[in-house]
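Contents: one structure, followed by commentary.
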Amino acid sequence: DLPLTLAGDGGWAARSTAYAFQRYAQTVMKRLGDRLDMVATFNEPWCIVWLSHLYGVHAPGEKSIDAALAALHTLNLAHGLGMEAIRQEAPNVPAGIVCNHQALEAATDSPED
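Residues 246 to 358 in our numbering are what the sequence shown spells out, letter by letter.
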C-alpha cells in the first residue's frame, strides 16, 4: 500500500517516492528501532513492481512496461536509501528485503523441458 499523496505524485514510478520512503524508514527506526529484532524494507518487491505496473492486478492497475521498469528502478533505489537510513538509526538491527523467489524444475530430464 502507498499513501494516496504519493500515488497521486506518480507512485513507485516517481523517483520522489524513493526519497519519501527513506524519510519514512528513518522516522520508523528513530521511534521503534530499539524495539525491533529485525527489519525488512519491502516484502515481495516482485509483486509491487510487476503485478501493479505490468499485469494490472494490484493498484494502480497499470499495464505498461515503461511504468514497470520505472517502478523497478525506484523500488531498488528506495530499498538502498531505506537500508542506509535503517543502518544509520539502528546499526545493530538485522535488515534486508524479502524476495519471493520460485524454484523451477524441468518436468523430465528431456532437453525439450
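The beta-carbon is built from N, C-alpha and C at its ideal position, and this holds for glycine as well.
Any non-hydrogen atom of the ligand MN closer than 6 Å to residue i Cβ
i, result
"HIS303", "No copy of the ligand MN occurs in the structure displayed, which carries no ligand at all."
Beta-carbon spacing of residue i, residue j below 7 Å
i, j, result
"PRO290", "GLY256", "no"
"ALA335", "MET274", "yes"
"GLY253", "THR286", "no"
"LEU320", "VAL294", "yes"
"ALA340", "VAL284", "yes"
Closest by C-alpha distance to residue i, when choosing among the options
i, options, result
"ILE342", "ILE331, ASP279, LEU299", "ILE331"
"VAL338", "ASP358, GLY253, LEU281", "LEU281"
"ASN279", "SER297, TRP295, GLN333, HIS303", "The amino acid at residue 279 is misidentified as Asn; the sequence shows Asp. Per the Cα distances, GLN333."
"ILE310", "GLY325, ALA258, PRO248, ASP246", "ALA258"
"GLY325", "GLU357, ARG268, SER355, ALA312", "ARG268"
"MET292", "PRO356, GLU350, HIS346, GLU357", "Inspection of the sequence shows that residue 292 is occupied by Cys rather than by Met. It is HIS346."
"HIS271", "CYS344, GLU329, LEU251, ALA312", "The sequence as given places Gln at residue 271; His does not occur at that position. The shortest C-alpha separation from GLN271 is found at GLU329."
"ASN288", "THR250, LEU249, CYS344, PHE266", "CYS344"
Nearest-angstrom beta carbon gap, residue j and residue i [assumed within contact, 8 Å]
i, j, result
"LYS308", "LEU296", "About 11 Å; that fails the 8 Å criterion."
Given 8 Å, three or more beta-carbon pairs between the region 310-318 and the region 256-267: yes
Along the chain, which unbroken stretches of the beta strand (DSSP E) at least 3 residues long are found entirely within the region 332-358? 340-343
Along the chain, which unbroken stretches of the beta strand (DSSP E) at least 3 residues long are found entirely within the region 283-337? 284-288
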